[in-house]
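Numbering (our numbering), first residue to last: 72 to 339. Using N, Cα and C, we set each Cβ at its ideal position, and we do this for glycine too. This structure is a prediction, so every number in the text was calculated from the model and none was measured.
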Amino acid sequence: MTIYISTAVMQCLSLEEAIDVLASIWRGIEIGHSHLDQLDVLRALETLTRVLMHGKELDVELSVAHMPMSHIENVFVESMDRGYEITRKFLEVYSRYGIDIVVMHTIPLPIDISERMEQHIVRELEFNKRVFRYLDTVAKRLGIRIAVENRLEKWIVGALPLDLLEIVDGLESIGICIDTGHAHVNKLDVESTVKLLRDRIVVAHVHDNDGSRDQHLPPMMGSIDWYKVSKVLRGSIPIVLEISCKDSVERCKNVAILSVEIGRKLFG
Ligand SMILES: [Zn+2]
Numbered sequence: 072m073t074i075y076i077s078t079a080v081m082q083c084l085s086l087e088e089a090i091d092v093l094a095s096i097w098r099g100i101e102i103g104h105s106h107l108d109q110l111d112v113l114r115a116l117e118t119l120t121r122v123l124m125h126g127k128e129l130d131v132e133l134s135v136a137h138m139p140m141s142h143i144e145n146v147f148v149e150s151m152d153r154g155y156e157i158t159r160k161f162l163e164v165y166s167r168y169g170i171d172i173v174v175m176h177t178i179p180l181p182i183d184i185s186e187r188m189e190q191h192i193v194r195e196l197e198f199n200k201r202v203f204r205y206l207d208t209v210a211k212r213l214g215i216r217i218a219v220e221n222r223l224e225k226w227i228v229g230a231l232p233l234d235l236l237e238i239v240d241g242l243e244s245i246g247i248c249i250d251t252g253h254a255h256v257n258k259l260d261v262e263s264t265v266k267l268l269r270d271r272i273v274v275a276h277v278h279d280n281d282g283s284r285d286q287h288l289p290p291m292m293g294s295i296d297w298y299k300v301s302k303v304l305r306g307s308i309p310i311v312l313e314i315s316c317k318d319s320v321e322r323c324k325n326v327a328i329l330s331v332e333i334g335r336k337l338f339g
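See the structure below:
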């Protein structure tokens, strides 16, 4: 198993600077979505290429990365073809630089005033099944895997484990990313959720909260039962410490060091 720390822990710096600081702490780094979400699509693609090349020079382990969120969600709302095109472009960059697993969220659809909630959810589920069926063929061609993450927003398809299982059903290159913090906020027992999804989980986003909101705290700083969760998660899947820090460089660096130490203790 490999432990990664997400660049979300260094939001006080640019993506390149974040990787430089994190490389001095730990070798496994996940490129998170927060830095990329602030750029337009072209600049996000350019930045990503530059950062992945830089990572190779630093000899850090960058096998897991996050797909930008806002770009992908917005372009799919514009048009299906545009959504596929932009997603494909990001996946091509990731695969060119040796990324093995790309974490993605489900795509929310705009509400239609003429629909009942039940109809909306069915339409959103079918839409996502179609999107990931297509992305399965792209991922296969590029030799990478996509991990669909359980969402934080309860009203969007993909927050519940059985919806995720339906989306990835029968797809070879699409698996699941279990996000412990999202499950905990949504009052899903994290240990049982992991057990339910176990056969399809390819990566874990590990972070803690007090159960009231998505705080992205280091494990043991919230109310998840980490002794139970680490037992069911420990194994062969990559563990990404998806901790958020937007404070000063000094403080975020300390948060990163603490997170890695706790991560090693629980999962190493
Ligand atoms: Zn996550």
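Return yes when the Cβ of residue j is within less than 8 Å of the Cβ of residue i, no when it is not.
i: M140; j: D108; result: yes
i: I245; j: Y165; result: no
i: G282; j: H255; result: yes
i: E144; j: L213; result: no
i: L312; j: V277; result: yes
i: I90; j: L116; result: no
i: A230; j: N221; result: yes
i: G334; j: I74; result: yes
i: V131; j: V174; result: no
i: I184; j: H191; result: no
i: A275; j: I227; result: no
i: L123; j: L133; result: yes
i: I157; j: V148; result: no
Can you tell me which residues form a DSSP beta bridge with residue i?
i: L288; result: D279
i: S77; result: E101
i: D250; result: H276
i: V164; result: None, per the DSSP bridge assignment.
i: E132; result: G99
i: I192; result: Per DSSP, none; premise fails for I192.
i: V174; result: H137, A218
i: I143; result: Paired residue(s): none; I143 is not in a bridge.
i: I245; result: I217
So, with DSSP's three-state summary, where would you put residue i?
i: I272; result: strand
i: L312; result: strand
i: H137; result: strand
i: C323; result: helix
i: R187; result: coil
i: R114; result: helix
i: A89; result: helix
i: E332; result: helix
i: R222; result: coil
i: R216; result: strand
i: I238; result: helix
i: I295; result: coil
i: V228; result: coil
i: S150; result: coil
i: N199; result: helix
i: R305; result: coil
i: D318; result: coil
i: D260; result: coil
i: L107; result: helix
i: G126; result: helix
i: L119; result: helix
i: I182; result: coil
i: L20; result: Residue 20 is absent from the structure shown; the chain starts at 72 and stops at 339.
i: L84; result: coil
Within a Cβ cutoff of 8 Å, which residues of the same chain sit near residue i, ignoring the five residues on either side of it in sequence?
i: A327; result: I76, V80, M81, V92, L93, I96, W97, I314, C316
i: S85; result: H106
i: F198; result: I178, L180
i: S330; result: I76, V80, P289, P290, L312, I314
i: V320; result: M81, C83, L84, V92
i: T78; result: L86, A89, I90, L93, I100, E101, I102, G103, S105, H106
If you drop the 5 nearest sequence neighbours on each side, which residues of the same chain put their C-beta closer than 6 Å to that of residue i?
i: H104; result: H137, P139, M140
i: E189; result: none
i: T264; result: P232, A254
Starting from the C-beta of residue i, find all residues in its chain whose C-beta is less than 7 Å away, skip the five residues before and the five after it, and write them out in chain order.
i: R204; result: L242
i: I247; result: A218, V219, L235, V239, L268, R271, I272, V273
i: K160; result: L116
i: L337; result: P290, W297, S301
i: V303; result: E262, V265, K266
Does residue i have its Cβ less than 8 Å from a Cβ in chain D?
i: D270; result: Chain labels in this structure do not include chain D; a single protein chain is all it has.
Original post:
In chain order, what are the residues with a CB under 6 Å from some non-hydrogen atom of ligand 1?
Top reply: Taking a cut-off of 6 Å from the heavy atoms of ligand 1, the residues with a C-beta inside it are E220, D250, H276, E313.
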